[in-house]
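Reading the sequence shown from the start, the letters are residues 1 to 196 in full-length UniProt numbering.
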Amino acid sequence: MAPRKSAAAGKDDPCPMLKLIMEKGPLSGQTSDFRPGSRIQIGRVVRGNTLAIKDLGVSSKHLLIQVEPGSDTGSQRWTITDLGSSNGTFLNDVRLEQSEPTVLSDGDVIKIGEQTSINVKFEVDGAENEVGSRNLRRNTRRRGKNQVAELVVIDEDSELGLGVGSENNLGMGLEMRNMRIWEMRVEDWGLLVREK
1 MAPRKSAAAG KDDPCPMLKL IMEKGPLSGQ TSDFRPGSRI QIGRVVRGNT LAIKDLGVSS
61 KHLLIQVEPG SDTGSQRWTI TDLGSSNGTF LNDVRLEQSE PTVLSDGDVI KIGEQTSINV
121 KFEVDGAENE VGSRNLRRNT RRRGKNQVAE LVVIDEDSEL GLGVGSENNL GMGLEMRNMR
181 IWEMRVEDWG LLVREK
């Protein structure tokens, strides 16, 4: 498949930040942000990969996402390349050719493995999170079968708990028992992080 043109970054536009939203699969509900210049390798194992996805149909080194020079002088674009995976990489339900970079666009859907579906979003220098971006936290409490991630603001009087179970603001996915491991709180002098 030949690389397609991207509306993501033109000749005079800066290359946008990449946001990968895990819609389905073992990491469902998680979002990862990457700056231009990042090299994102996705596979089944932790070693050598930026994102490890424990989906049986995902190869140990499955795909690579990175910024490459565009056809216009000075332009850059995010591309995705299948690294010779056994079961293939699908972009908007079209199987990618192995070792052939393909340009990513905002709203693309990447499917790999038996269940994993990843939504691609672009933003220019955090345009979506301008207000209060330093005070954002992620809430990944389990709701039903899928995890839902939502961003909320932590103000000076708030507390953030990290641990296992529903009493925590940042759950770790294990709800066998309710346990808070870490506690974070904004103080006058900075952020207090302590073991609970």
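Ideal Cβ placement from N, Cα and C applies to all residues, glycine included. Because the structure is a prediction, the values reported are computed rather than measured.
In terms of residues, what are the limits of the beta strand (DSSP E) holding L104? First-last for L104: undefined, no H or E at that position.
E123 beta carbon less than 8 Å from that of M22: no
Just to confirm, is the Cβ distance from S85 to S117 under 8 Å? no
If you draw a straight line from the C-alpha of Q66 to the C-alpha of S32, how long is it? 14 Å
Smallest Cα separation from G43: which of G37, D82, Q98, R185? D82
Just to confirm, are G88 and R95 a CB contact at a threshold of 8 Å? yes
Nearest-angstrom Cα distance between R194 and R185? 9 Å
Can you tell me the Cα-Cα spacing of G113 and G190, whole angstroms? 43 Å
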